[in-house]
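What follows is a single structure, written as structure tokens, with notes after it.
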Amino acid sequence: QSLGSMAMENARMFDQLYTKDRMTDLFNWRYFEERAQAELSRSKRFGHKLSFTLLDLDNFTPFIQANGTQAAEKVLAKVGALLNEYVRKIDVSCRMSEDSFAVALLETERVQAVQFAEKIKKIIEESLANIDQAFASQSLTVTLAVMTFPDDGFTMAEMFDSANLKIKEAQAKGGSRVIKNITEETA
């Protein structure tokens, strides 16, 4: 192997370490935020819609306490695999934090973003229910919020802060739902 090809391979591996979450194989928040900001600027410039879906696992901390970190890692890896499988290749998905994920749906209106959120919610919940019979007494659910630029805000921070608040309100009431409009809907 030549020095040039080794350098290229090292650069590719470094780039992947910088941009990817090891456990889920999704992009990490740092990369997602950079990319989403660029897409937001593009949407502003060209007048395109840009939607986001925020996804949070319900009752994940009690799940970890009851089942341990190995079970939690298995769940996170499964959610990552499902997002990698069902998110369009032009879109960008990431793991935001321990049990939170985000998807940027490029050139996507709210109606299509809500359809995606409802579909991925069903897929994830069904898959997690079947992931391991040992966890059957602790079925995990997800709560999602859909945001569309510019309808729900003009900055990512504004939209994501509102969405996180709505998700927490919904989770306090049992979770397992899709918040279709963060500016109108009460959780």
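The sequence shown begins at 632 in the numbering used here and counts up one residue at a time. Glycine included, every Cβ here is placed at the ideal spot set by N, Cα and C. Everything numeric in this text was worked out from a predicted model, so none of it was measured.
Cβ-Cβ distances below 6 Å link GLN701 to nothing in the same chain once the five nearest sequence neighbours on each side are left out.
Shortest Cα-Cα distance from LEU681 to any of LYS797, GLU800, VAL777 involves VAL777. DSSP links ARG726 through a beta bridge to ASN659, PHE732. According to the DSSP assignment, SER682 belongs to no alpha helix (DSSP H) but to the beta strand (DSSP E) extending over 681 to 688. Of the candidates LEU737, CYS725, ILE721, the residue whose Cα lies closest to the Cα of LEU671 is LEU737. In the DSSP assignment, PHE677 is bridged to no other residue. By the C-beta density criterion, ASP792 is exposed, having fewer than 16 other C-beta atoms within 10 angstroms.
With fewer than 16 other beta carbons inside 10 angstroms of its own, LEU796 counts as exposed.
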